[in-house]
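Student:
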Amino acid sequence: MRTLVLENTAPFQGLCELVADDEGLFADEGLRIEWVDRESGVDRRTHVGILSPDGLDPHSSHGKLFEEGRADMYNACEWGNYCRVQDSGIESGRQIGRRSIVTYAAVAVRPESDVFTVQQLADRLVGVPFYFGTHYLALHMLEGFLPRERIRVCSAPMGSRFRLDSMMSGEIEATTLTEPYITLAEKKGCRILTAAFYHGTEVASHRVDAETYARFNRAVCEAVRRIDADKRGYLRYFIDYHARTDPEIGALRTSDLRESRIVVVEPAPIPDRELERTAAWIRSWGMLRETDDPASLVDREVQSAAH
7 MRTLVLENTA
17 PFQGLCELVA
27 DDEGLFADEG
37 LRIEWVDRES
47 GVDRRTHVGI
57 LSPDGLDPHS
67 SHGKLFEEGR
77 ADMYNACEWG
87 NYCRVQDSGI
97 ESGRQIGRRS
107 IVTYAAVAVR
117 PESDVFTVQQ
127 LADRLVGVPF
137 YFGTHYLALH
147 MLEGFLPRER
157 IRVCSAPMGS
167 RFRLDSMMSG
177 EIEATTLTEP
187 YITLAEKKGC
197 RILTAAFYHG
207 TEVASHRVDA
217 ETYARFNRAV
227 CEAVRRIDAD
237 KRGYLRYFID
247 YHARTDPEIG
257 ALRTSDLRES
267 RIVVVEPAPI
277 PDRELERTAA
287 WIRSWGMLRE
297 TDDPASLVDR
307 EVQSAAH
């Protein structure tokens, strides 16, 4: 039995991996998963004076234990992982393919906000977790409605619970949320201004060879099939994961959640053309400036062989 050490993951970004572990699918492939906690010591405050990711550590949570040599692999948003791999101190650390869940996220405002459309967020403070998926997704969504010079984002904490609290207190005008906190926000009367899906990728060290990752992917693919066959039955993961620490989530029922927001696909290689476009867009926002060839951020040999 091969032990694979993974940074812990919430259902919105790792549902299939959690299901594969719980239902013995990794074990069927000869893998034992050991989860390690990447969230200890993470800053949960909103910093309204930090208006860009310049100078911030992209490994503040995702990749934190990986960089310390205490994890073999982690998954996070594709945009952020380009930046994490660029700045990695692990020479072999590279992306090896897209993860299975396609995450759904939204930009919300509190019930009493006078903002009703995305256009009205011009020059208004939107809290985002820099280097995390909803940071980049927010920029994509906002620039569809606003000129870039009118987009104003600030540093909000990792974890939708903490961003929701910051927004509800009036510290920020709007923020990004993932499930089940989109559902909770709606129950509180918050308005969803815009929403979209985004990809994530897996980052691995040399300790994850093509054979190991292929076994990992086979287990995940079986989890994808099971989830697609019974989405309603697996929605409980979104409640159970958070209910231990958040009574408001514990009070939700699976009937409150929308199945259409849960999209899972078989893991796959990152398409070359999308890789180039993604890297160019990240650079346009002042990040990824130290990488001339974005393909160097992917282990193509492992990616190709494992998929």
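In this note's numbering, the protein residues as written are 7 to 313.
Every residue, glycine too, gets a C-beta built ideally from N, C-alpha and C.
(1) Measure the Cβ-Cβ separation of D304 and I107 and say whether it is below 9 Å.
(2) Please tell me whether A114 and C196 are closer than 9 Å, where the distance is taken between their beta carbons.
(3) Take T297 as the anchor and find which of E74, E29, V91 has the nearest alpha-carbon.
(4) Alpha carbon to alpha carbon, how far is F32 from A26? Give it in angstroms, no decimals.
(5) Specify whether the stretch 175-191 and the stretch 72-81 touch according to this definition: at least 3 beta carbon pairs, one from each stretch, less than 8 Å apart.
(6) Just to confirm the assignment, what range does the alpha helix (DSSP H) spanning F203 have?
(7) Could you tell me how far apart the beta carbons of G69 and Y80 are, in whole angstroms, since I believe they sit closer than 8 Å?
(8) Can you give the Cα-Cα distance for F168 and S46, rounded to whole angstroms?
(9) Measuring alpha carbon to alpha carbon, tell me which of E265, D171, L190 ends up nearest T109.
(10) Tell me, please, which residues DSSP counts as bridged to V269.
(11) Quick one: give me the first and last residue of the beta strand (DSSP E) that I39 is part of.
(12) Taking the alpha-carbon positions, what's the A225 to Y142 distance?
(13) Please classify F222 as buried or exposed, where buried requires at least 16 other C-beta atoms within 10 Å of its C-beta.
(14) If you draw a straight line from the C-alpha of A220 to the C-alpha of T140, how long is it?
(15) When DSSP labels each residue in this structure, what does A210 get in the three-state scheme?
(16) Quick check on the DSSP output: what are the complete alpha helix (DSSP H) runs of length 4 or more inside the stretch 53-120, in order along the chain?
(17) According to the neighbour-count rule (16 or more other Cβ atoms, all chains shown, within 10 Å of its Cβ), is S175 buried or exposed?
(18) Is DSSP giving E254 helix, strand or coil here?
(19) Just tell me which of E13, T200, A16 has its CA closest to the CA of H146.
(20) Whole angstroms are fine: how far does the CA of R295 sit from the CA of D60?
(21) Rounded to whole angstroms, what's the CA-CA distance from F151 to K194? Just pull it up for me.
(22) For the alpha helix (DSSP H) holding E192, just list the boundary residues, first then last.
(23) In or out: F315 buried (at least 16 other Cβ within 10 Å) or exposed?
(24) Give every residue of the same chain whose Cβ lies closer than 6 Å to the Cβ of S166, excluding the five residues on either side of it in the sequence, and list them in chain order.
(25) Residues in the same chain with beta-carbon distance under 6 Å from D278, minus the five sequence neighbours each way, listed in chain order, please.
(26) Can you give me the C-alpha to C-alpha distance between P300 and A285, rounded to a whole angstrom?
(27) What three-state label does DSSP hand V230 in the structure shown?
(28) Does the stretch 48-55 come close enough to the stretch 249-264 that 3 or more CB-CB pairs lie under 8 Å?
(29) On the criterion of 16 or more Cβ atoms from any shown chain inside 10 Å, does R154 qualify as buried, or is it exposed?
(30) With a threshold of 9 Å between beta carbons, is R38 in contact with chain B?
Tutor: Per the coordinate set shown:
(1) On the sequence shown, residue 304 is found 298 positions in, with the first residue counted as 1. On the sequence shown, residue 107 is found 101 positions in, with the first residue counted as 1. Sequence check: residue 304 is Val here, not Asp. Result no, Cβ atoms of V304 and I107 do not sit closer than 9 Å.
(2) Within the sequence shown, residue 114 is the residue found at index 108, counting from 1. Within the sequence shown, residue 196 is the residue found at index 190, counting from 1. Yes.
(3) For the purposes of this step, residue 297 is identified with residue 291 of the sequence shown, where counting begins at 1. Ranking the options by Cα distance to T297, first place goes to V91.
(4) By one-based count along the sequence shown, residue 26 stands at place 20. By one-based count along the sequence shown, residue 32 stands at place 26. Near 6 Å, if we compare the C-alpha coordinates of F32 and A26.
(5) no
(6) Start at 1 with the first residue of the sequence shown, and residue 203 comes out as number 197. That residue, F203, is in no alpha helix (DSSP H); its beta strand (DSSP E) goes 197-204.
(7) By 1-based counting over the sequence shown, the position of residue 69 is 63. By 1-based counting over the sequence shown, the position of residue 80 is 74. Going by Cβ atoms, the distance from G69 to Y80 rounds to 6 Å, so yes, they are a contact pair.
(8) Taking the first residue of the sequence shown as position 1, residue 168 is located at position 162. Taking the first residue of the sequence shown as position 1, residue 46 is located at position 40. If you take the alpha carbons of F168 and S46, they lie about 15 Å apart.
(9) Looking up residue 109 in the sequence shown gives position 103. It is E265 whose Cα lies nearest to the Cα of T109.
(10) By 1-based counting over the sequence shown, the position of residue 269 is 263. In DSSP, V269 forms a bridge with V108.
(11) The residue you call residue 39 lines up with position 33 of the sequence shown. Element bounds for I39: 37-42.
(12) Translated into the one-based positions of the sequence shown, residue 225 becomes position 219. Translated into the one-based positions of the sequence shown, residue 142 becomes position 136. Rounded to the nearest angstrom, the two C-alpha atoms are 29 Å apart.
(13) Residue mapping note: residue 222 aligns to position 216 of the sequence shown, counting from 1. That one is buried.
(14) One-based indexing of the sequence shown puts residue 220 at position 214. One-based indexing of the sequence shown puts residue 140 at position 134. Each residue's Cα considered, the two are about 29 Å apart.
(15) One-based indexing of the sequence shown puts residue 210 at position 204. A210 falls in the strand class under three-state DSSP.
(16) 70-73, 84-92
(17) Sequence index remark: in the sequence shown, residue 175 carries index 169 (1-based). That one is exposed.
(18) In the sequence shown, residue 254 corresponds to position 248, counting from 1. Correct three-state label for E254: helix.
(19) Looking up residue 146 in the sequence shown gives position 140. The shortest Cα separation from H146 among E13, T200, A16 belongs to T200.
(20) Against the sequence shown, residue 60 aligns to sequence position 54. Against the sequence shown, residue 295 aligns to sequence position 289. Whole-angstrom Cα-Cα distance: 12 Å.
(21) Start at 1 with the first residue of the sequence shown, and residue 151 comes out as number 145. Start at 1 with the first residue of the sequence shown, and residue 194 comes out as number 188. Those two C-alpha atoms are separated by around 26 Å.
(22) Locating residue 192 in the sequence shown gives position 186, where the first residue counts as 1. Taken as a continuous stretch (DSSP letters only), the alpha helix (DSSP H) holding E192 covers 187-193.
(23) Because the chain here runs from 7 to 313, residue 315 falls outside it and cannot be looked at.
(24) For this step, residue 166 is matched to residue 160 along the sequence shown. Taken in chain order, the residues that qualify are L183, T184, Y187.
(25) Sequence index remark: in the sequence shown, residue 278 carries index 272 (1-based). Contacts found: none.
(26) What you label residue 300 is simply residue 294 of the sequence shown in a count that begins at 1. What you label residue 285 is simply residue 279 of the sequence shown in a count that begins at 1. Distance between the alpha carbons of P300 and A285 is about 6 Å.
(27) As a first step, residue 230 is located in the sequence shown; it is residue number 224 there, counting from the start. V230 falls in the helix class under three-state DSSP.
(28) no
(29) The residue labelled residue 154 in the question sits at position 148 within the sequence shown. Classification of R154: exposed, given that the 10 Å Cβ count is below 16.
(30) No chain B is part of this structure, which consists of one protein chain only.
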